[in-house]
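Worksheet: one structure, shown below.
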């Protein structure tokens, strides 16, 4: 029932987006903002955003979780229409107030659907991935234990700053909101494992464990990563990753591949066929991939 409700909202977004792209002047006139500079351009941008909502709600297997994207869009629209109504008089103000009331009603529906979708998603999201790195275990462990190194291969992280031996401050950038939280190391066995979790009350609920074991025949190091996201971190993690085209598990695998490159070559190797998702600009300074042994 909740997913059916979400898909109905998706069809609503499709209709709104199509109208705003096809007839932006009519939409701005209906909302009482046709006298604002650049109003038609803004209408087209909002129309494109509505089509994105439609794609997420109509194309996802569990669409209710994407209703939060509509709530975010509604919040922006309410702010714009509220300012428009306050700055206008006469017929334009009446139209702006009517549009404001309509968006407020839609926002209530979107929020109800989003809350149902959140309640439906029970239990933490768990992700696991592993990789073998051709470096000694102690060296691999030390690089990871210096938490400030993590953004060099985890492209969704802006920074990790150590507060003391146990606590650190993490910053990550998403397509909608930036996230910042504190984490603490709860287990640290030199050369074997590092376990951490977010500090309660810092906005994100997450925990992780990375283990280091000798590779087959004592060659290299097997790095095994397990991550867990709870609400609201679960919803944020899945939504952010999927909006840039990756499931959280795929994102962790990509991070580990970059980690392997950093450990074995000193940098992330970039090729034309391996885009870096929504953080591609961070990778522009890297050298293109070369055949082993030099240029062909």
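Residue numbers (UniProt numbering): 1 to 296. Ideal placement from N, C-alpha and C gives every residue a C-beta, glycine not left out.
Run through the DSSP bridge pairs and tell me what residue i is partnered with.
i           : result
residue 212 : 223
residue 131 : 223
residue 194 : 188, 210
residue 168 : 162, 183
residue 228 : 126, 207
residue 173 : 178
To the nearest angstrom, report how far apart residue i and residue j are at their CA atoms.
i           : j           : result
residue 198 : residue 99  : 42 Å
residue 48  : residue 16  : 10 Å
residue 10  : residue 55  : 7 Å
residue 109 : residue 162 : 42 Å
residue 31  : residue 52  : 22 Å
residue 132 : residue 152 : 18 Å
residue 134 : residue 160 : 25 Å
residue 79  : residue 212 : 50 Å
residue 27  : residue 37  : 14 Å
residue 62  : residue 112 : 16 Å
residue 69  : residue 191 : 42 Å
residue 96  : residue 168 : 47 Å
residue 275 : residue 155 : Model confidence at residue 275 stands at a pLDDT of 44, short of 50, so the residue's coordinates are unreliable; what they give is reported in the following sentence. C-alpha separation (whole angstroms): 12 Å.
residue 259 : residue 220 : 14 Å
residue 41  : residue 194 : 50 Å
residue 171 : residue 86  : 37 Å
residue 3   : residue 229 : 22 Å
residue 185 : residue 216 : 29 Å
residue 14  : residue 116 : 22 Å
residue 12  : residue 73  : 13 Å
residue 310 : residue 188 : Past the edges of the chain, shown from 1 to 296, lies residue 310, and the structure says nothing about it.
residue 257 : residue 181 : 25 Å
residue 214 : residue 142 : 15 Å
residue 33  : residue 248 : 41 Å
residue 224 : residue 210 : 6 Å
Buried or exposed: residue i, going by 16 or more other Cβ atoms within 10 Å of its Cβ?
i           : result
residue 263 : buried
residue 296 : The pLDDT assigned to residue 296 is 42, lower than 50, so where the model puts this residue is not dependable; a value taken from the coordinates is nonetheless given after this. Residue 296 should be labelled exposed.
residue 105 : exposed
residue 206 : buried
residue 240 : Below a pLDDT of 50, predicted positions are generally treated as unreliable, and residue 240, at 48, falls in that range; the measurement from the model is reported next regardless. By the neighbour-count rule (16 or more Cβ atoms within 10 Å), residue 240 is buried.
residue 291 : With a pLDDT of only 47 at residue 291, under 50, the local geometry of the prediction cannot be trusted, and no value is derived from it.
residue 183 : buried
residue 245 : Its pLDDT being 46, under 50, residue 245 is placed unreliably by the model, and nothing is read from it.
residue 201 : exposed
residue 265 : exposed
residue 233 : Residue placement at residue 233 cannot be trusted, given a pLDDT of 47 that sits under 50; what the coordinates show is reported in the next sentence. Result: buried.
residue 64  : buried
residue 137 : buried
residue 77  : buried
residue 90  : exposed
residue 20  : buried
residue 92  : buried
residue 255 : buried
residue 50  : buried
Would you mind reading off the limits of the alpha helix (DSSP H) that contains residue i?
i           : result
residue 11  : 2-22
residue 302 : Only positions 1 to 296 of the chain appear in the structure, and residue 302 is not among them; the question remains open.
Could you spell out where the beta strand (DSSP E) holding residue i opens and where it closes?
i           : result
residue 179 : 178-189
residue 157 : 157-162
residue 147 : Element bounds for residue 147: n/a, residue is neither H nor E.
residue 54  : Premise fails: residue 54 lies in the alpha helix (DSSP H), 39-59, not in any beta strand (DSSP E).
residue 253 : Element bounds for residue 253: not the beta strand (DSSP E) but the alpha helix (DSSP H), 248-265.
Hey, residue i and residue j are a contact pair by Cβ (cut 8 Å); roughly how many whole angstroms apart?
i           : j           : result
residue 227 : residue 127 : 5 Å
residue 24  : residue 7   : Not a contact, Cβ separation roughly 26 Å.
residue 125 : residue 103 : Not quite, the Cβ-Cβ distance comes to about 32 Å (not below 8 Å), so this is no contact.
residue 129 : residue 252 : 4 Å
residue 173 : residue 158 : 5 Å
Taking 8 Å as the CB-CB limit, is residue i close to chain D?
i          : result
residue 33 : No chain D is present in this structure, which holds just one protein chain.
Can we count residue i as close to the ligand FMN, meaning its CB is less than 7 Å from some heavy atom?
i          : result
residue 71 : As presented, the structure is devoid of all ligands, the ligand FMN included, so that no description of it is given.
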